[in-house]
Amino acid sequence: MITRTHKRVLFWNQGTRAAPIVLVLALTAMTTQALRAQQSVTHQLPLSSENIHWGFYDASLDPVLTIRSGDRVYFENLLARGLQRLRLAGISEDRFLPSMLNVEEEETVRVGSHPLNGPVYIEDAEVGDVLEVRLVDIGFLADYGVSGFLPGGGTLPMDFPSAALRAFEIDTIAGT
(Lines of atoms letter the chains of each structure in order from A and count residues from 1; the text may use other names and numbers.)
(Lines give C-alpha, C1' and ligand atoms only; values in the text may rest on other atoms or scores of the structure.)
Protein backbone atom coordinates (compact mmCIF):
# COMPACT_ATOMS: atom_id res chain seq x y z
CA MET A 1 0.00 0.00 0.00
CA ILE A 2 1.29 3.48 -0.81
CA THR A 3 1.68 5.32 2.47
CA ARG A 4 2.94 8.59 1.09
CA THR A 5 3.02 10.40 -2.21
CA HIS A 6 4.99 13.47 -3.13
CA LYS A 7 4.34 16.27 -5.53
CA ARG A 8 6.85 18.33 -7.42
CA VAL A 9 8.13 21.76 -6.58
CA LEU A 10 5.67 24.29 -7.86
CA PHE A 11 6.99 27.26 -9.71
CA TRP A 12 6.04 28.86 -12.97
CA ASN A 13 8.86 28.21 -15.38
CA GLN A 14 9.18 29.66 -18.85
CA GLY A 15 12.79 29.50 -19.94
CA THR A 16 14.62 30.59 -16.82
CA ARG A 17 11.80 32.65 -15.31
CA ALA A 18 10.35 31.62 -11.98
CA ALA A 19 7.63 33.12 -9.81
CA PRO A 20 5.72 32.08 -6.71
CA ILE A 21 2.48 30.47 -7.83
CA VAL A 22 -0.68 28.68 -6.89
CA LEU A 23 -1.06 25.38 -8.70
CA VAL A 24 -4.24 23.35 -8.97
CA LEU A 25 -3.79 19.66 -9.53
CA ALA A 26 -6.41 17.01 -9.95
CA LEU A 27 -4.87 13.92 -8.41
CA THR A 28 -6.35 10.61 -9.43
CA ALA A 29 -5.25 7.26 -8.08
CA MET A 30 -6.09 4.51 -10.54
CA THR A 31 -6.43 1.54 -8.20
CA THR A 32 -6.80 -2.13 -8.91
CA GLN A 33 -10.25 -1.96 -7.34
CA ALA A 34 -13.19 -0.48 -9.20
CA LEU A 35 -13.21 3.28 -8.77
CA ARG A 36 -16.01 4.39 -6.52
CA ALA A 37 -18.46 7.00 -7.73
CA GLN A 38 -17.75 9.99 -5.52
CA GLN A 39 -18.08 13.72 -5.27
CA SER A 40 -14.78 15.49 -5.95
CA VAL A 41 -13.49 17.59 -3.05
CA THR A 42 -11.19 20.60 -3.42
CA HIS A 43 -8.40 20.92 -0.83
CA GLN A 44 -6.07 23.82 0.01
CA LEU A 45 -2.39 23.27 0.72
CA PRO A 46 -1.20 26.75 1.65
CA LEU A 47 2.36 27.99 1.70
CA SER A 48 3.35 27.46 5.32
CA SER A 49 6.28 26.05 7.25
CA GLU A 50 4.09 23.10 8.32
CA ASN A 51 3.65 22.03 4.67
CA ILE A 52 7.10 22.77 3.24
CA HIS A 53 10.33 20.79 3.33
CA TRP A 54 13.30 22.08 1.43
CA GLY A 55 15.11 20.23 -1.33
CA PHE A 56 14.42 16.54 -0.75
CA TYR A 57 11.90 13.73 -1.16
CA ASP A 58 11.51 11.49 1.89
CA ALA A 59 8.98 8.67 2.23
CA SER A 60 9.30 8.84 6.01
CA LEU A 61 7.64 12.27 6.17
CA ASP A 62 4.10 12.26 7.50
CA PRO A 63 1.50 13.40 4.97
CA VAL A 64 0.31 16.97 5.41
CA LEU A 65 -2.89 16.23 3.47
CA THR A 66 -5.00 13.15 2.71
CA ILE A 67 -7.12 13.07 -0.44
CA ARG A 68 -9.26 10.62 -2.41
CA SER A 69 -9.07 9.73 -6.07
CA GLY A 70 -10.53 12.56 -8.16
CA ASP A 71 -9.98 15.29 -5.57
CA ARG A 72 -8.40 18.63 -6.47
CA VAL A 73 -5.61 20.29 -4.54
CA TYR A 74 -4.58 23.96 -4.62
CA PHE A 75 -0.84 24.02 -3.83
CA GLU A 76 0.90 27.28 -2.92
CA ASN A 77 4.67 27.40 -3.15
CA LEU A 78 7.79 29.52 -3.06
CA LEU A 79 10.38 29.80 -5.82
CA ALA A 80 13.73 28.03 -5.76
CA ARG A 81 16.28 29.38 -3.28
CA GLY A 82 13.55 31.29 -1.46
CA LEU A 83 13.47 34.96 -0.64
CA GLN A 84 17.23 35.44 -0.94
CA ARG A 85 16.85 35.14 -4.70
CA LEU A 86 14.14 37.82 -4.69
CA ARG A 87 16.28 40.09 -2.51
CA LEU A 88 19.27 39.69 -4.84
CA ALA A 89 17.04 40.59 -7.80
CA GLY A 90 15.96 43.81 -6.06
CA ILE A 91 12.41 42.89 -4.97
CA SER A 92 11.53 45.03 -1.96
CA GLU A 93 10.77 43.05 1.22
CA ASP A 94 7.54 45.00 1.73
CA ARG A 95 6.21 43.07 -1.30
CA PHE A 96 6.88 39.66 0.30
CA LEU A 97 3.75 37.85 1.46
CA PRO A 98 3.48 36.93 5.17
CA SER A 99 3.40 33.24 4.21
CA MET A 100 6.69 33.63 2.31
CA LEU A 101 8.32 35.31 5.30
CA ASN A 102 7.02 32.57 7.62
CA VAL A 103 8.49 29.77 5.51
CA GLU A 104 11.78 31.62 5.13
CA GLU A 105 12.05 32.12 8.90
CA GLU A 106 10.89 28.66 10.00
CA GLU A 107 12.49 26.39 7.38
CA THR A 108 16.20 26.61 8.14
CA VAL A 109 17.21 23.09 7.01
CA ARG A 110 17.78 23.32 3.25
CA VAL A 111 19.48 20.36 1.63
CA GLY A 112 18.57 21.55 -1.86
CA SER A 113 17.35 24.66 -3.61
CA HIS A 114 13.66 23.81 -4.15
CA PRO A 115 10.94 24.10 -1.49
CA LEU A 116 8.44 21.22 -1.75
CA ASN A 117 4.85 21.03 -0.44
CA GLY A 118 3.62 17.78 1.00
CA PRO A 119 3.65 14.90 1.01
CA VAL A 120 0.05 14.17 0.01
CA TYR A 121 -1.48 10.78 0.86
CA ILE A 122 -3.97 9.30 -1.61
CA GLU A 123 -6.51 6.99 0.03
CA ASP A 124 -6.86 3.49 -1.45
CA ALA A 125 -3.75 3.83 -3.63
CA GLU A 126 -1.67 0.66 -3.67
CA VAL A 127 1.84 -0.27 -4.71
CA GLY A 128 1.90 -0.66 -8.49
CA ASP A 129 -1.00 1.73 -9.12
CA VAL A 130 -0.64 4.38 -11.80
CA LEU A 131 -1.19 7.90 -10.47
CA GLU A 132 -2.69 10.31 -12.98
CA VAL A 133 -2.01 13.96 -12.18
CA ARG A 134 -3.71 16.67 -14.21
CA LEU A 135 -2.57 20.28 -14.13
CA VAL A 136 -5.87 22.18 -14.06
CA ASP A 137 -4.80 25.79 -13.51
CA ILE A 138 -1.83 27.98 -12.59
CA GLY A 139 -2.15 31.27 -10.74
CA PHE A 140 0.31 33.64 -9.12
CA LEU A 141 0.77 34.38 -5.41
CA ALA A 142 2.61 37.60 -6.18
CA ASP A 143 2.84 40.08 -9.03
CA TYR A 144 6.60 39.66 -9.51
CA GLY A 145 9.19 37.01 -10.25
CA VAL A 146 12.84 36.54 -11.16
CA SER A 147 14.77 35.27 -14.14
CA GLY A 148 18.30 34.06 -13.74
CA PHE A 149 21.05 31.53 -14.14
CA LEU A 150 24.13 30.46 -12.22
CA PRO A 151 27.43 29.06 -13.47
CA GLY A 152 27.46 25.28 -13.17
CA GLY A 153 23.74 25.06 -12.39
CA GLY A 154 20.40 24.58 -14.05
CA THR A 155 19.57 22.83 -17.30
CA LEU A 156 22.60 24.10 -19.26
CA PRO A 157 25.36 24.26 -16.62
CA MET A 158 28.25 24.53 -19.07
CA ASP A 159 26.69 27.27 -21.20
CA PHE A 160 26.76 30.04 -18.57
CA PRO A 161 30.18 30.87 -17.08
CA SER A 162 28.73 33.93 -15.31
CA ALA A 163 25.61 34.63 -13.27
CA ALA A 164 22.67 36.92 -13.97
CA LEU A 165 19.46 37.68 -12.11
CA ARG A 166 16.62 39.99 -13.13
CA ALA A 167 13.30 40.85 -11.52
CA PHE A 168 10.16 41.19 -13.60
CA GLU A 169 6.56 42.21 -13.02
CA ILE A 170 3.61 39.88 -13.65
CA ASP A 171 0.14 40.90 -14.75
CA THR A 172 -1.71 38.41 -12.54
CA ILE A 173 -4.96 38.91 -14.45
CA ALA A 174 -3.49 38.27 -17.92
CA GLY A 175 -0.88 35.82 -16.63
CA THR A 176 1.94 37.64 -18.41
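Numbering (my numbering), first residue to last: 836 to 1011.
We treat Cβ as the ideally placed atom computed from N, Cα and C, and that holds for glycine.
A quick note: this is a predicted structure, and the numbers were derived from the prediction, not measured.
- In the DSSP assignment, S883 is bridged to no other residue.
- Annotation: I887 to N952 spans about 5 Å, alpha carbon to alpha carbon.
- A contact between stretches requires three or more CB pairs, one per stretch, nearer than 8 Å, and the region 926 to 938 fails this requirement with the region 965 to 972.
- Here G917 is buried: its Cβ has 16 or more other Cβ atoms, across all protein chains shown, within 10 Å.
- Beta-bridge partners of I957 (DSSP): I902.
- Residue pairing by DSSP places Y892 in no beta bridge whatsoever.
- According to DSSP, residue pairing for S927 in a beta bridge does not occur.
- Membership of S934 in the alpha helix (DSSP H) is indicated by the continuous run 933 to 941.
- Contact check for E958 and R903: beta-carbon distance about 5 Å, within the 8 Å limit, so the pair qualifies.
- The residues I1005, in chain order, have a CB closer than 8 Å to that of T1011 in the same chain once the five nearest residues on each side in sequence are set aside.
- Ranking A998, V876, T901, I973 by CA distance to the CA of A960 puts T901 first.
- Taking C-alpha positions only, T943 is separated from D893 by approximately 17 Å.
- For the pair L882 and V971, the CB atoms are not nearer than the 9 Å cut-off.
- For V981, the uninterrupted beta strand (DSSP E) segment begins and ends at 979 to 984.
- The three-state secondary structure of R920, taken from DSSP, is helix.
- Counting along the chain, no beta strand (DSSP E) covers F995, and no H or E run does either.
- Judged by DSSP in its simplified three-state form, G987 adopts coil rather than helix or strand.
- Following the DSSP letters along the chain, one finds L966 inside the beta strand (DSSP E) bounded by residues 965 to 975.
- In the structure shown, A1009 adopts coil according to DSSP, grouped into three states.
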